[in-house]
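This report concerns only the one structure given below.
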Amino acid sequence: MCGVDYLGSYRLLGLLLILGAAFFTVAFTANRLLSRRAPSAGKNATYECGIDPVGGDWAQAQVRYYVYAYLYVLFAVESVFLFPWAVTYALDGFGMVTVVEMAIFVAVLALGLLYAWRKRVLSWT
Amino acid sequence: MTFKLPAIDYLALAPMLVLFGAACAGVLVDALVPREWRYHVQVPLSLVALLASGGFVVALANRKEHVVTAGSAVVIDGPGLFLQGSIVVLGIVALFLVAERRLEPGGAFVAQAAVVAGSEADRKQMRKPGVTEVYPMMLFALAGMMLFCSANDLLTMFVALEVFSLPLYLLCALARRRRLLSQEAAVKYFLLGAFASAFFLYGVAMIYGYAGKVDFRGINEAVLGSSNSKTLLLIGLAMLAIGLLFKVAAVPFHVWTPDVYQGAPTPITAFMAACTKVAAFGGLLRVLYVAFERSSWDFRPTLGVIAAATMIVGAVLAVTQTDIKRLLAYSSVANAGYLLTGTLSMNRDGLKYTMFYLVAYGFTVLAAFAIVMLVRDSDGEATHLARWAGLGRRSPVFASLFTFLMLAFAGIPLTSGFTAKFGVFAAAVGGNMTWLVIIGVLSSMILAFPYLRVVVLMWLSVPGDDTPTVSVPGAFTAAALFVGVAMTLVLGVAPNQALELVNDAGAFLR
Amino acid sequence: MDPSYYIVLSAALFTIGAVGVLIRRNAIVVFMCIELMLNAANLALITFSRMNGSLDGQIMAFFVMVVAAAEVVIGLAIIMSIFRTRRSASVDDANLLKY
Chain A
1435 MCGVDYLGSY RLLGLLLILG AAFFTVAFTA NRLLSRRAPS AGKNATYECG
1485 IDPVGGDWAQ AQVRYYVYAY LYVLFAVESV FLFPWAVTYA LDGFGMVTVV
1535 EMAIFVAVLA LGLLYAWRKR VLSWT
Chain B
9 MTFKLPAIDY LALAPMLVLF GAACAGVLVD ALVPREWRYH VQVPLSLVAL
59 LASGGFVVAL ANRKEHVVTA GSAVVIDGPG LFLQGSIVVL GIVALFLVAE
109 RRLEPGGAFV AQAAVVAGSE ADRKQMRKPG VTEVYPMMLF ALAGMMLFCS
159 ANDLLTMFVA LEVFSLPLYL LCALARRRRL LSQEAAVKYF LLGAFASAFF
209 LYGVAMIYGY AGKVDFRGIN EAVLGSSNSK TLLLIGLAML AIGLLFKVAA
259 VPFHVWTPDV YQGAPTPITA FMAACTKVAA FGGLLRVLYV AFERSSWDFR
309 PTLGVIAAAT MIVGAVLAVT QTDIKRLLAY SSVANAGYLL TGTLSMNRDG
359 LKYTMFYLVA YGFTVLAAFA IVMLVRDSDG EATHLARWAG LGRRSPVFAS
409 LFTFLMLAFA GIPLTSGFTA KFGVFAAAVG GNMTWLVIIG VLSSMILAFP
459 YLRVVVLMWL SVPGDDTPTV SVPGAFTAAA LFVGVAMTLV LGVAPNQALE
509 LVNDAGAFLR
Chain C
-6 MDPSYYIVLS AALFTIGAVG VLIRRNAIVV FMCIELMLNA ANLALITFSR
44 MNGSLDGQIM AFFVMVVAAA EVVIGLAIIM SIFRTRRSAS VDDANLLKY
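Residue numbers (my numbering), protein chains in the order written: chain A, 1435 to 1559; chain B, 9 to 518; chain C, -6 to 92.
Right, here's the structure in full:
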């Protein structure tokens, strides 16, 4: 029966998963059972280098990388033209012309990247 | 399935390719050339590119060979070339206004747009030279406008629409003074513009569903022969029209116009008022005359009502304005109505005189905004109308020029405004749209009032302490002003040459 | 399955987007609604491409995606610059220009 054989190769993986889950459960249950518990407000406070925490926890994150995100969106999406091109450029009658055209397209994209680099938006400030 | 490489006639595309190439070179200049040299490289570069592009347009017009190229994506025909040529010429004049740095140290544009408005850093950069990215952005926008006028399918049209819109959104946000207003104008323009282009795109999808094609010839054939439901065609046409009418600022899609015209830097406002109008009407003309000519019974009544509403609302709201830039914005809305009247006549004359009107209006509005740029006090341009009181005694020359331009807007004989308005109204009568002409004439009478009010204000009031001075224009603004006023006069007194040109342009190639 | 269901879905998405643009107050959300409209158009294009048996619609969807990405970047840059000054992305707060 090839079906059993097929599943058989996963037996080890399944065993590993069960073992992993069991280890996790046993360790945490043991911890629960053995440790002493004395909850206090101080223990729930945010740890801030030992100093009393100040202000709320809804802080605004610094989005230094947003320019990267913009660039990424553009470059990732522009690549959509590469795929149809990759299928057709080897066909009869396409050849060099299409390669040059795609080179120009990529060069224009590279120009954008060059501009971004020279304007120092690629450096972490 | 077999694919064929589409043949490309590079000469036919040269006017646009030159501009795109120069725009890329401009980006390169901005990346590599030292800051203090950029302005001195960018301005000649843009100017040379525009002149070369214009040269190619003239060469193509002399070739008299009309082609469909790039796999039927682009068509180069008489009207298309005329529109491209006018975009280039108006673009050069607008470039003069953008390049002006005498009136204000550093020019009308902010030095660094990313600096928070009103912050300490913002005050520091007040006297630094403005960004030079405006020149490549202008070239991109101009090239996109030219492509928009000569696109032969709806997809190319959509891409061209975005290519010229996106730089404009950014240019609006770059004013040196009143940056909050400028940014607000950009946000409003952007959100509404993107909304409208989404409608345009959905219209394209519906038309594609109806016709199975998006090139204008295919749509034109499908209007007669398609077996698909006509509902798709009508929905598609309506949504397409929403997108286009937004760009031409027709009522009820005009609400962005006054805000954006007021908030944007004045040279950019002039650029939008002149060049965007040409491009948007060029695209509208081609869509209606080439693709949907056979369904003109379906759209003429609706668009007629829109044209009437545009003329009336534009004229009435212009009366109530207190800011000169907003006044000119509403006048631009009303003028979109007159242009629509010409467009809807759906005959040769309609095409001819609409194109003539576009050029005539473009020159006049550029000159008018050039003067708006000159009237300033220590706080930048003084655009409130109350401040213009008594300007005639302070500076009779500029007040006379502005009076002349206002008379041209009002359509007084011997100005280009009269010739153009007469032309589109005559064409509309010929196209059985007489009711629209009656409304047009009535609204012209209303519209004359705000123009004349400005004239009266300038000449018959006594200048007060806070009447601003009229700055001496730099060479660039002076050139733009001269060209604008001269063309307004020439097209009014001796319009034959220009009319011959639009006549020779012939009809759209299908 | 009948492909016309997809047209109905696309129309529904487009309507949701259009209504969202009109009623939402946050510029970012308004902008997301516009993207929803563009994607609804994409869905319609691809469905019609299937129904018509031509590839044009799919190619158009590619172009629309790219144009939409460019629009996203420009739009976010503009909204960002106004947000940094005003600390608000509400379209109701942008009210200096009127009358």
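Yeah, the Cβ is synthetic: ideal placement off N, Cα and C, and Gly gets one too.
Asked                                                                                                                                                                             : Found
With H, G and I counted as helix, E and B as strand and the rest as coil, what does DSSP make of D306 (chain B)?                                                                  : helix
Listed in chain order, which residues of the segment 1457 to 1481 of chain A have Cβ atoms closer than 8 Å to some Cβ of chain B?                                                 : none
Check the C-beta distance from M100 (chain C) over to A206 (chain B) and give it rounded, since I have them as a contact under 8 Å.                                               : There is simply no residue 100 (chain C) to check, as chain C begins at -6 and stops at 92 in what is shown.
Could I get the ranges of all uninterrupted beta strand (DSSP E) runs contained in the segment 21 to 103 of chain B, with 3 residues as the minimum, in chain order?              : 75 to 77, 82 to 84
Should the segment 105 to 113 of chain B be regarded as contacting the segment 264 to 281 of chain B, the criterion being three or more beta carbon pairs within less than 8 Å?   : yes
Closest by CA to K136 (chain B), which one among B:N70, B:K429, B:A288, B:E44?                                                                                                    : B:E44
Suppose the cutoff is 6 Å on Cβ atoms and the five residues either side in sequence are ignored; what does the same chain contact list for P144 (chain B) look like?              : A31, G34, V35
Since R401 (chain B) and P471 (chain B) are thought to touch, with beta carbons under 8 Å apart, how far apart are those beta carbons, to the nearest angstrom?                   : 5 Å
Based on Cα-Cα distance, which residue from B:A194, B:L27, B:L374 lies nearest to V552 (chain B)?                                                                                 : Absent from the model: residue 552 (chain B). The displayed extent of chain B is 9 to 518, so no value can be given.
I think A513 (chain B) touches L89 (chain B), with their Cβ atoms under 8 Å apart; what is that distance to the nearest whole Å?                                                  : 7 Å
For a contact meaning CB atoms closer than 9 Å, what does A39 (chain B) contact in chain A?                                                                                       : L1545, L1548, Y1549, A1550, W1551, R1552, K1553
Which word fits Q505 (chain B), buried or exposed, when buried means at least 16 other C-beta atoms lie within 10 angstroms of its C-beta?                                        : exposed
Could you have a look at S1513 (chain A) and say whether DSSP puts it in helix, strand or coil?                                                                                   : helix
Measuring CA to CA, which of C:D49, C:R79, C:A54, C:T8 is closest to I27 (chain C)?                                                                                               : C:T8
Answer with buried or exposed for E64 (chain C), where buried requires no fewer than 16 other C-beta atoms within 10 angstroms of its C-beta.                                     : buried
Helix, strand or coil: how does DSSP classify I1485 (chain A) here?                                                                                                               : strand
Between B:P14, B:D38, B:A57, which has its C-alpha nearest L25 (chain B)'s C-alpha?                                                                                               : B:A57
Can you name the start and end residues of the beta strand (DSSP E) that D385 (chain B) belongs to?                                                                               : 383 to 385
Where do the N-terminal and C-terminal ends of the alpha helix (DSSP H) with L2 (chain C) fall, by residue?                                                                       : -3 to 16
Counting only beta-carbon separations shorter than 8 Å, does Y1504 (chain A) have a partner in chain C?                                                                           : yes
State the start and end residues of the unbroken alpha helix (DSSP H) segment that holds Y216 (chain B).                                                                          : 187 to 219
Enumerate in chain order the residues of its own chain whose CB-to-CB distance from Y(-1) (chain C) is below 7 Å, with the five nearest sequence positions on each side excluded. : L36, T40
Which residue comes first and which comes last in the alpha helix (DSSP H) that contains V449 (chain B)?                                                                          : 442 to 468
Are at least three pairs of beta-carbons, each pair with one atom in the segment 376 to 390 of chain B and one in the segment 455 to 465 of chain B, less than 8 Å apart?         : no
Buried or exposed: K285 (chain B), going by 16 or more other Cβ atoms within 10 Å of its Cβ?                                                                                      : buried
Strictly below 7 Å CB to CB, what residues from chain F border R77 (chain C)?                                                                                                     : Of the protein chains in the structure, A, B and C, none is chain F.
Between which two residues does the alpha helix (DSSP H) carrying E1610 (chain A) extend?                                                                                         : Here chain A covers residues 1435 to 1559 and nothing more, so residue 1610 (chain A) does not appear.
I'd like to know if F55 (chain C) contacts chain A, where contact means its C-beta is closer than 8 Å to some C-beta of that chain.                                               : yes
Look at F1509 (chain A) and L1545 (chain A) and say whether their C-beta atoms are less than 8 Å apart.                                                                           : no
Nearest by alpha-carbon distance to N228 (chain B): which of B:S479, B:F300, B:L199, B:A202 is it?                                                                                : B:F300
Just checking: is the beta-carbon of L69 (chain C) within a distance shorter than 8 Å of some beta-carbon in chain A?                                                             : yes
Do you know offhand how far T318 (chain B)'s Cα is from A258 (chain B)'s?                                                                                                         : 5 Å
Which partner residues of G388 (chain B) appear in the DSSP bridge assignment?                                                                                                    : B:D385
Just how far apart, CA to CA, sit M453 (chain B) and G438 (chain B)?                                                                                                              : 22 Å
So A204 (chain B) packs on F261 (chain B), CB below 8 Å; how close in whole Å?                                                                                                    : 7 Å
Can you tell me the Cβ-Cβ gap for L199 (chain B) and V23 (chain C), rounded? I've got them flagged as a contact below 8 Å.                                                        : 6 Å
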